[in-house]
Amino acid sequence: MATHSAVVTVGPGLPLEIIHLPAPTPRDNEICVRPLWAAATPLDLHQADGGLLVQPPQVLGDGIVGTVIELGPTATKYRVGDTVFGFTWRTQAEKGHQEVVVAPEFLFGKVPGNVSLQAAVTLPNNFVSAWHTLTKDLGFELPWPKPEGYVPREREQWILIWGGGSSVGQFALQILKWYGYTNLATTASKAHHEKLQRYGAAKCFDYRDADVEAQLLSFAPTGFPFILDCIGNLNGSVLPISRALSSSSSTVKLAILLPIIIRDPGPGTTPIYSMDVSTILGTPWPANVEAVGVRTHFYLDNEFLKEKLQSEIMPSLLEWGVIEPNEVVLVEGGTMLERAERALAILREKGVSGQRVVWRVCEDT
Ligand SMILES: NC(=O)c1ccc[n+]([C@@H]2O[C@H](COP(=O)([O-])OP(=O)(O)OC[C@H]3O[C@@H](n4cnc5c(N)ncnc54)[C@H](OP(=O)(O)O)[C@@H]3O)[C@@H](O)[C@H]2O)c1
């Protein structure tokens with residue numbers, strides 16, 4: 001029986017391993033893709049080091065760019081040989097860090113010709129996360145196609161993107177800017193402020209400033225009506241946000257990207273996570289704060305986004321230059337396993353800042 005190699009986590013904190021899986025056959029509207037490049041994401045680390053929502057041995061990875069090698073009987077969007085990129089995660093067969101991925105065609109988009117494959121692979125996971133959070137969790141309309149002269153109804157209200165330097169934060173700002181949102185504030189380290197202003201941030205705060213909460217309070221004494229916490233770290237974002245909201249009495253919609261990291265993954269450190277946003281260390285949020293935990297994996301509940309987000313909206317905005325990909329750091333290594341391990345090590349050591357770690361999956365050129 002034909003098989004292919006896949007990178008798996010076999011248990012929290014254990015070295016990654018290679019397993020051999022049977023070659024899949026695409027059914028219905030599925031396509032088979034041979035991944036060329038993968039982006040390493042914090043979720044890979046949460047799963048490999050923290051065992052978050054995994055049943056080992058589990059294939060890692062959920063953002064790939066690759067070549068279509070086979071079509072299911074009712075697949076119509078792509079041809080064999082097309083280069084596609086996608087956020088695919090739901091089954092072992094869909095996960096990205098393996099030599100063949102099989103998933104429905106709506107989980108992919110065609111890579112525009114004006115963008116490198118390594119740059120394109122920085123998008124799928126977090127472009128989808130940003131879009132889903134802005135529409136589902138914060139309730140913004142983001143109509144597609146964007147009507148001529150569109151003005152968002154929340155245009156006058158301030159939106160705080162905590163962690164604008166993160167991959168999700170960068171995409172969220174760029175999407176909001178394109179839709180005409182102008183009152184965008186963000187927290188990020190200083191090195192990223194210039195880029196984030198270009199992405200639409202009207203006001204940047206340095207989250208490392210000891211008095212950042214006081215700065216936020218003095219900038220928005222009545223609070224921010226909308227907050228997107230792209231970091232979801234108890235000490236790094238959730239507690240500072242709660243303190244910066246302490247004097248606010250008006251309604252706040254707060255979307256926190258799950259998991260909440262109680263203890264960070266790091267070399268030799270077992271991470272601790274929580275999936276509960278209803279309280280902060282056991283204390284409920286004040287009544288005016290509507291806190292929701294973001295679960296992008298549910299974006300397919302929206303039939304329109306299921307059909308359009310990855311196959312049409314993502315490639316179009318990338319091709320038009322509306323969305324700039326994340327800056328890429330390429331990982332070298334002699335084998336797929338070595339590259340996967342090195343990519344995770346870089347994330348574990350916090351070796352990149354505002355960049356996406358990208359590595360080669362299959363060796364084909
Ligand atoms: N639940 C979901 O649906 C979902 C979807 C996507 C992502 N996520 C989660 O969201 C988190 C972010 O993902 P990502 O891929 O966007 O991460 P990322 O790009 O790896 O984010 C790292 C960046 O965040 C910045 N940062 C770190 N701590 C910060 C803090 N306390 N305040 C402000 N900025 C801070 C750092 O900036 P400096 O280097 O400049 O300090 C760093 O560059 C991860 O935990 C991920 O698992 C969840």
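Going by the UniProt record's numbering, the first residue of the sequence shown is number 1, and it counts up by one from there. Glycine included, C-beta positions come from ideal geometry on N, C-alpha and C. Every value quoted in this text rests on a predicted model; they were computed, and no experiment measured them.
Let me confirm a value: phenylalanine 304 is counted as buried when at least 16 other C-beta atoms fall within 10 Å, else exposed. Which label applies?
exposed
Under 7 Å: does the beta carbon of valine 294 sit that close to some heavy atom of ligand 1?
yes
Could you check the C-alpha separation between proline 26 and leucine 123 for me, to the nearest Å?
Taking the straight line from one Cα to the other gives about 24 Å.
Would you say glycine 165 touches ligand 1, meaning its beta carbon is less than 7 Å from a heavy atom?
yes
Burial state of tyrosine 181 (16 or more Cβ within 10 Å):
buried
Determine the direct distance from the alpha carbon of serine 247 to that of leucine 176, and round the result to whole angstroms.
27 Å
Proximal residues to leucine 52 (C-beta, below 7 Å), its chain only, five neighbours per side dropped:
His46, Pro259 and Tyr273
I want to know whether the segment 284-298 touches the segment 322-341 - three or more CB-CB distances under 8 Å.
The segment 284-298 is not in contact with the segment 322-341.
Counted within 10 angstroms of its Cβ, other Cβ atoms place serine 218 as buried (16 or more) or exposed:
exposed
Exposure of lysine 136, with buried meaning 16 or more beta-carbon neighbours within 10 Å:
Classification of lysine 136: buried, given that the 10 Å Cβ count is 16 or more.
Hey, isoleucine 241 and tryptophan 131: beta-carbon distance below 8 Å or not?
no
Under a three-way DSSP split, which group does leucine 196 fall into?
Shown here, leucine 196 sits in a helix according to DSSP, grouped into three states.
Among Gly169, Leu196 and Val80, whose alpha-carbon lies nearest the alpha-carbon of glutamate 105?
Val80
Could you check whether the Cβ of glycine 266 sits closer than 7 Å to any heavy atom belonging to ligand 1?
no
Thinking C-beta only, is alanine 202 closer than 8 Å to leucine 228?
no
Out of Trp178, Thr88 and Pro15, which has the shortest C-alpha to C-alpha gap to glycine 321?
Trp178
What do you reckon, are the CB atoms on proline 24 and alanine 93 nearer than 8 Å?
yes
Which class does isoleucine 241 belong to by DSSP, given the choice of helix, strand or coil?
helix
Can you tell me whether proline 145 is helix, strand or coil according to DSSP?
coil
Return the CA-CA distance between residue 395 and glutamate 341, expressed in angstroms with no decimal places.
Residue 395 is absent from the model: the chain starts at 1 and stops at 365.
Option nearest arginine 153 by Cα separation, candidates Leu160, Gly164, Asn183 and Gly165:
Asn183
Quick check: the Cα distance between threonine 186 and aspartate 82, rounded to an integer number of angstroms?
38 Å
From which residue to which residue does the alpha helix (DSSP H) around aspartate 49 run?
42-50
Strictly by DSSP, which residues pair up with threonine 222?
According to DSSP, threonine 222 bridges with nothing at all.
For ligand 1, is there a heavy atom less than 7 Å away from the beta-carbon of tyrosine 207?
yes
Enclosing alpha helix (DSSP H) for glutamine 355 [first to last residue]:
No alpha helix (DSSP H) holds glutamine 355; the beta strand (DSSP E) holding it covers 355-360.
Give the straight-line distance between the Cα atoms of phenylalanine 171 and alanine 119, rounded to the nearest whole angstrom.
13 Å
Could you say which of Ala39, His4 and Asp44 lies nearest to proline 12 if we only look at CA atoms?
Asp44
So, helix, strand or coil for tryptophan 37, using DSSP?
strand
Just to confirm the assignment, what range does the beta strand (DSSP E) spanning residue 367 have?
Nothing about residue 367 can be read from this structure; the chain reaches only from 1 to 365.
Look at the alpha carbon of leucine 21 and the alpha carbon of leucine 337, and state the distance between them as a whole number of angstroms.
About 15 Å.
I want to check one thing, is the minimum distance from the CB of valine 159 to the heavy atoms of ligand 1 below 7 Å?
Note on identity: in this sequence residue 159 is isoleucine, with valine being the wrong assignment. Because no heavy atom of ligand 1 lies under 7 Å away, the Cβ of isoleucine 159 does not count as near it: no.
Give the DSSP-derived three-state secondary structure of glycine 236 in the structure shown.
helix
Within the same chain, show all residues whose beta-carbon is closer than 6 Å to that of valine 277, passing over the 5 residues directly before and after it, in chain order.
Ile256, Ala291 and Gly293
Is any heavy atom in ligand 1 found nearer than 7 Å to the beta carbon of asparagine 302?
Checking the 7 Å criterion, the Cβ of asparagine 302 is out of range of every heavy atom belonging to ligand 1.
Alpha carbon to alpha carbon, how far is residue 380 from alanine 214?
No statement about residue 380 is possible, as the shown extent of the chain runs from 1 to 365 and does not include it.
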